[in-house]
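Trainee: Protein chains in written order, with this note's numbering: chain Y, 1 to 257; chain L, 258 to 514.
There are 2 protein chains.
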Amino acid sequence: MTSNRTLQDIRIIGIEGIPEIRKGDDLSRILCEAADRQRTSLEEADIIVVTSKVVSLAEGKTVDLRSVEPSCFARELARQLDKDPRLVELILRETKSIVRMAQKHLITETKHGFVCANAGVDKSNIRGEHMVATLPDDPDLSARKIKDGINELRGVNVAVVITDTFGRPLRRGVTNIAIGVAGLPPILDLRGTADMYGYELRVTQIAVADELAGSAELVMGKTRRIPAVIIRGYRYKEDEKAMSKELNLPEEEDIFR
Amino acid sequence: MTSNRTLQDIRIIGIEGIPEIRKGDDLSRILCEAADRQRTSLEEADIIVVTSKVVSLAEGKTVDLRSVEPSCFARELARQLDKDPRLVELILRETKSIVRMAQKHLITETKHGFVCANAGVDKSNIRGEHMVATLPDDPDLSARKIKDGINELRGVNVAVVITDTFGRPLRRGVTNIAIGVAGLPPILDLRGTADMYGYELRVTQIAVADELAGSAELVMGKTRRIPAVIIRGYRYKEDEKAMSKELNLPEEEDIFR
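1) Keeping to the same chain, check which residues put their C-beta closer than 8 Å to that of residue 169 (chain Y); ignore five residues upstream and five downstream.
2) So with CB distances below 7 Å, who are the chain L contacts of residue 157 (chain Y)?
3) Can you list, in chain order, the residues of its chain with a C-beta nearer than 8 Å to that of residue 431 (chain L)? Leave out the 5 residues immediately preceding and following it.
4) Let me know the secondary structure DSSP gives residue 330 (chain L) once reduced to three states.
5) Can you find the residues in the same chain that come closer than 8 Å, C-beta to C-beta, to residue 126 (chain Y), ignoring five residues on each side of it along the sequence?
6) Just confirm the distance between the C-beta atoms of residue 410 (chain L) and residue 279 (chain L), as a whole number of angstroms; I'd bet it's less than 8 Å.
7) Could you check whether the Cβ of residue 247 (chain Y) sits closer than 8 Å to any Cβ belonging to chain L?
8) Using the beta-carbon of each residue, which ones in chain L are nearer than 8 Å to residue 175 (chain Y)?
9) Which residue's Cα is closest to the Cα of residue 454 (chain L): Y:112, Y:211, Y:194 and Y:128?
10) Is the number of C-beta pairs between the stretch 240-254 of chain Y and the stretch 137-149 of chain Y that are closer than 8 Å three or more?
11) In terms of residues, what are the limits of the beta strand (DSSP E) holding residue 180 (chain Y)?
12) Applying a beta-carbon distance threshold of less than 8 Å, which residues of chain Y neighbour residue 317 (chain L)?
13) Ignoring anything shorter than 3 residues, give me the beta strand (DSSP E) runs that lie fully in the stretch 314-376 of chain L, in order along the chain.
14) Could one say the Cβ of residue 501 (chain L) lies closer than 8 Å to chain Y's Cβ atoms, at least one of them?
15) Starting from residue 287 (chain L), trace the beta strand (DSSP E) both ways and give me its first and last residue.
16) Given that residue 483 (chain L) touches chain Y, what residues does it touch there, using C-beta distances under 7 Å?
17) Any residues in the stretch 370-400 of chain L with a beta carbon nearer than 9 Å to a beta carbon of chain Y? Which ones, in chain order?
18) Starting from the C-beta of residue 205 (chain Y), find all residues in its chain whose C-beta is less than 8 Å away, skip the five residues before and the five after it, and write them out in chain order.
19) Assuming residue 468 (chain L) contacts residue 214 (chain Y) under a Cβ cut-off of 8 Å, what Cβ separation, rounded to an integer in Å, is found between them?
20) Leaving out five residues on either side along the sequence, give the residues of the same chain with a beta carbon under 6 Å from the beta carbon of residue 259 (chain L).
21) In terms of residues, what are the limits of the beta strand (DSSP E) holding residue 412 (chain L)?
22) Alpha carbon to alpha carbon, how far is residue 183 (chain Y) from residue 236 (chain Y)?
23) Report the rounded CA-to-CA distance for residue 488 (chain L) versus residue 476 (chain L), giving the unit in angstroms.
24) Tell me the DSSP secondary structure of residue 220 (chain Y) in three-state form.
25) Which residue or residues does DSSP assign as beta-bridge partners of residue 55 (chain Y)?
26) Do you know whose CA, among Y:163, Y:7, Y:89 and Y:79, lies nearest residue 47 (chain Y)'s CA?
27) Mind checking the stretch 285-313 of chain L against chain Y and listing, in chain order, the residues whose C-beta falls within less than 8 Å of any C-beta there?
28) So within the stretch 381-412 of chain L, which uninterrupted alpha helix (DSSP H) runs reach at least 4 residues, ignoring any that extend past its ends?
29) Which chain L residues are close to residue 169 (chain Y), counting only those with a beta carbon under 8 Å from its beta carbon?
30) Tell whether a beta-carbon distance below 8 Å holds between residue 490 (chain L) and residue 293 (chain L).
31) Whole angstroms are fine: how far does the CA of residue 41 (chain Y) sit from the CA of residue 151 (chain Y)?
32) With distances taken from CA atoms, which of Y:156, Y:147, Y:172 and Y:194 is nearest residue 181 (chain Y)?
33) So is residue 359 (chain L) in contact with chain Y if we call contact Cβ pairs under 8 Å?
34) Is the beta carbon of residue 363 (chain L) less than 8 Å from the beta carbon of residue 338 (chain L)?
35) Quick check on residue 103 (chain Y): buried or exposed, where buried means 16 or more other Cβ atoms within 10 Å of its Cβ?
36) How would you list, in chain order, the residues of chain Y whose beta-carbon sits under 9 Å from the beta-carbon of residue 282 (chain L)?
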């Protein structure tokens with residue numbers, strides 16, 4: 001390996017040793033300290049990618065299913081879908097509209113505008129047999145708080161991406177996508193720029209935040225305890241007004257809905 | 258930066274200085290030599306990600322639109338879609354079935370089984386005003402040839418992913434995805450494994466080849482001359498029977514088709 005800095009060279013570094021996250025935990029501090037311990041302290045222009053799960057845990061977005069009273073509608077859907085009625089009740093509370101219900105899948109548009117299975121309500125990687133987590137209420141705000149916290153603690157200006165794992169139409173398998181961003185534009189808009197032969201690129205809005213999220217998943221895994229990574233070396237234009245909802249394709253533009 | 262090898266740490270290294278690719282070029286040799294020149298010679302277990310465009314060029318999959326005679330059907334579709342009838346004719350030749358036709362988009366299932374706009378027929382990054390490229394006939398075989406070529410030339414065993422840029426339902430913006438693979442499983446199947454609290458993961462097939470393709474795009478860009486990257490440090494299980502068609506969700510399983 002060389003360290004030729006003129007190369008286009010991105011590193012994706014797992015932040016290990018992050019303890020179990022509890023409600024009220026200061027994620028910025030936890031991330032800075034874990035990065036320090038492994039001698040990869042956060043640097044200017046790093047992109048910090050964090051799973052929505054740890055953000056939900058820190059924000060107390062967990063629910064004990066035993067405390068949930070399902071409605072009649074939730075019970076009926078649960079019967080059709082062969083799911084726990086209390087889980088369906090929680091999903092409906094997070095839902096703006098049901099997009100598809102088939103093959104035991106419940107795909108909804110969440111209150112945030114994401115279209116995903118079970119409105120993002122999820123059981124994995126949470127302590128407690130009856131506990132589930134819902135998505136953060138405002139993942140862009142969550143990302144912003146982590147970004148600002150890191151700036152306060154370490155004086156470095158980073159971008160933050162909060163990820164979740166979504167299935168998708170047309171292709172098998174899930175991928176990590178971005179549900180919250182702070183500090184970088186989620187879409188790189190190349191419309192109007194020229195390719196290498198001067199031909200104008202016509203429809204090229206690249207969902208870089210989703211590509212960053214996917215690349216982070218390669219390090220995070222699902223069964224390793226790596227809920228956050230540093231992406232170092234990706235050149236982006238700072239964007240203080242970045243919003244993840246740019247990634248939501250509105251129904252009227254979506255020829256598959 | 259440290260080089261602590263116990264870290265989960267992936268590098269994505271652009272292979273620069275790749276010349277303009279012409280029909281018959283030996284991509285394996287070109288990739289090896291370009292990597293050598295920038296002192297990042299290919300290593301055992303590297304993943305080499307290559308855009309379908311340069312593979313198409315090397316395989317001579319380009320067409321001069323002036324040589325194409327559109328059928329009546331192509332002319333009629335072209336009128337409805339406000340596209341060049343010769344381009345529509347080429348798209349139809351690459352197409353197994355039309356999946357959606359709306360808002361001036363023509364989404365088809367290609368002869369390979371990919372669902373994408375214009376059956377992958379594309380104008381960008383090709384020399385010549387009237388030239389377009391079609392996808393490689395068998396991108397897995399193309400990947401295999403590059404893999405075997407690198408092994409012969411340098412004695413290292415790598416994996417190869419061939420990418421294209423696809424739009425997707427539900428989310429705005431395109432991402433790079435894998436249309437050809439050799440040497441690594443395109444999907445990491447975690448069904449039956451346990452999360453960090455011993456809870457069994459139920460539906461977790463991760464489309465790692467698409468995540469690898471997306472991470473490569475972060476370095477490739479669309480306007481830089483970087484049609485190939487090295488992904489170094491991602492741990493995968495060798496798979497000699499890998500096939501990209503595992504990533505195609507069959508119509509009967511796809512609740513959005």
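Where a beta carbon is used, it is the ideal one built from N, C-alpha and C, also for glycine.
Mentor: Taking the structure as given:
1) 256
2) By Cβ distance, chain L contributes nothing, its closest Cβ being about 18 Å from residue 157 (chain Y), past 7 Å.
3) 422, 423, 424 and 425
4) helix
5) 53, 57, 62, 132 and 133
6) Not confirmed; about 19 Å, so no contact.
7) yes
8) 463, 464, 467, 468 and 471
9) Y:128
10) yes
11) 175-182
12) Within chain Y, no residue comes near residue 317 (chain L); the closest Cβ sits about 18 Å away, beyond 8 Å.
13) 319-321, 352-359, 362-367 and 372-374
14) no
15) No beta strand (DSSP E) contains residue 287 (chain L), which is instead part of the alpha helix (DSSP H) from 284-294.
16) 8
17) 371, 372, 373, 374, 380, 381, 382, 383, 384, 385 and 386
18) 187, 188, 189, 190 and 191
19) 4 Å
20) For residue 259 (chain L), the predicted structure reports a pLDDT of 43, less than 50, and the residue's modelled location is therefore unreliable. The matter cannot be settled from this model.
21) Premise fails: residue 412 (chain L) is in no beta strand (DSSP E) and is neither H nor E.
22) 9 Å
23) 10 Å
24) helix
25) Partner(s): none; residue 55 (chain Y) has no beta bridge.
26) Y:163
27) 295, 296 and 297
28) 396-411
29) 425, 426, 427, 506, 511, 512, 513 and 514
30) no
31) 13 Å
32) Y:147
33) yes
34) yes
35) exposed
36) Within chain Y, no residue comes near residue 282 (chain L); the closest Cβ sits about 16 Å away, beyond 9 Å.
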